[in-house]
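This report concerns only the one structure given below.
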Amino acid sequence: MVLGDDSQDEVIQAVDNAAAVNEVDGATSAYNMEMMESIVQRLKPEDRHQIRDMISERGRTSGALGIASILFWWLAIHNGGETLGDSNLPDSMIGDFTFYRLSIIVPALALIATILLTMGREKGQSLPSNAGGVLAVLAAFFILEPLGRALLMGDLDTDDAMFASGRLAILAVLIHMATKMQVDSILLEWVRGSMMSMDIDVTPSQEGSLESQADEAPPLV
Numbered sequence: 015m016v017l018g019d020d021s022q023d024e025v026i027q028a029v030d031n032a033a034a035v036n037e038v039d040g041a042t043s044a045y046n047m048e049m050m051e052s053i054v055q056r057l058k059p060e061d062r063h064q065i066r067d068m069i070s071e072r073g074r075t076s077g078a079l080g081i082a083s084i085l086f087w088w089l090a091i092h093n094g095g096e097t098l099g100d101s102n103l104p105d106s107m108i109g110d111f112t113f114y115r116l117s118i119i120v121p122a123l124a125l126i127a128t129i130l131l132t133m134g135r136e137k138g139q140s141l142p143s144n145a146g147g148v149l150a151v152l153a154a155f156f157i158l159e160p161l162g163r164a165l166l167m168g169d170l171d172t173d174d175a176m177f178a179s180g181r182l183a184i185l186a187v188l189i190h191m192a193t194k195m196q197v198d199s200i201l202l203e204w205v206r207g208s209m210m211s212m213d214i215d216v217t218p219s220q221e222g223s224l225e226s227q228a229d230e231a232p233p234l235v
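Just so it is clear: in the sequence shown, position 62 is 76 by our numbering, and no numbers are missing.
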């Protein structure tokens with residue numbers, strides 16, 4: 015009797031474990047489906063073939079913008095900083111960073127903020143979006159600080175301030191766009207791989223095809 019009771023308990027435990035695994039798998043699948051639908055609705059690929067083209071296009075654009083930002087930094091700040099009067103620019107009020115260091119910090123803030131904001135939007139999480147917003151505002155402060163000091167404090171020439179803020183803004187925009195394109199490319203690649211592994215299609219063309227088939231179905235008698 016004891017052996018029988020033990021065997022019965024083991025069977026019950028195995029069934030409970032299997033049910034728990036199925037629940038976790040179901041929740042994960044539902045979460046992935048919701049995330050895939052969110053990505054598809056935002057980027058609007060017409061079908062899975064266009065997803066492949068969009069992955070390639072966004073990856074290519076991201077690489078072009080990335081190298082453009084590096085070349086701009088190398089020409090306009092690393093090599094041309096002295097000519098543009100970077101040595102006359104005061105250190106930042108937050109952190110006492112030199113302009114040369116800010117030219118590295120601001121793009122880094124733009125990169126991290128873009129990643130966090132995208133993660134927060136796609137996953138529906140508030141903390142990444144909150145952190146991304148903080149970093150975005152901090153980057154905007156560093157960009158506008160030279161202009162603000164020239165207009166409000168008068169300790170900086172207006173032309174030098176405009177050149178400084180303009181270069182930081184260009185770097186931030188280039189890095190933001192490059193990061194956004196690359197993140198979108200990675201998300202689309204994940205959507206395409208998930209559709210192939212799960213044998214589903216969440217593109218609008220497939221949904222429209224299913225709806226049209228439902229409309230054409232004969233009425234039940």
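Glycine is no exception: its CB is placed at the ideal position from the N, C-alpha and C atoms.
Going by DSSP in three states, T75 sits in which element: helix, strand or coil? Along the sequence shown, read from residue 1 onward, the residue named residue 75 stands at position 61. In the structure shown, T75 falls within a helical segment according to DSSP collapsed to helix, strand and coil.
Residues of its chain near M212, where Cβ-Cβ distance is below 7 Å and the 5 sequence neighbours each way are ignored: Within the sequence shown, the letter at position 198 stands for residue 212. By the criterion of a C-beta distance shorter than 7 Å, M212 is surrounded by no residue of its chain, once the five residues flanking it on both sides are discounted.
Which term fits S76, buried or exposed, when burial requires 16 or more other beta carbons within 10 angstroms of its beta carbon? Here residue 76 is taken as the residue at index 62 of the sequence shown, counted from 1. In this structure S76 is buried. Its beta-carbon is surrounded by 16 or more other beta-carbon atoms within 10 angstroms.
Per DSSP, what kind of secondary structure is D67 in: helix, strand or coil? As a working note, residue 67 is residue 53 in the sequence shown. The answer is helix: DSSP assigns D67 an H, G or I state.
Could you say which of D174, Q139, M49 and M191 lies nearest to A164 if we only look at CA atoms? For this step, residue 164 is matched to residue 150 along the sequence shown. For the options D174, Q139, M49 and M191, the alpha carbon positioned closest to that of A164 is the one of D174.
Check the C-beta distance from G80 over to A192 and give it rounded, since I have them as a contact under 8 Å. Along the sequence shown, read from residue 1 onward, the residue named residue 80 stands at position 66. Along the sequence shown, read from residue 1 onward, the residue named residue 192 stands at position 178. The Cβ separation is near 4 Å, so the contact holds.
Inside the stretch 88 to 155 only - alpha helix (DSSP H) runs reaching at least 4 residues: For the stretch 88 to 155, whole alpha helix (DSSP H) runs of length 4 or above, ordered along the chain, are 113 to 137.
Can you list, in chain order, the residues of its chain whose CB lies under 6 Å from that of R206, leaving out five sequence neighbours each side? The residue labelled residue 206 in the question sits at position 192 within the sequence shown. For R206, same chain residues with a beta-carbon under 6 Å away, outside a window of 5 residues either side, are I65 in chain order.
Within its chain, find whatever has a CB closer than 6 Å to the CB of D100; leave out the 5 residues flanking it on each side and keep chain order. In the sequence shown, counting from the first residue as 1, residue 100 sits at position 86. Counting only Cβ-Cβ distances below 6 Å, and skipping sequence neighbours, we find F113.
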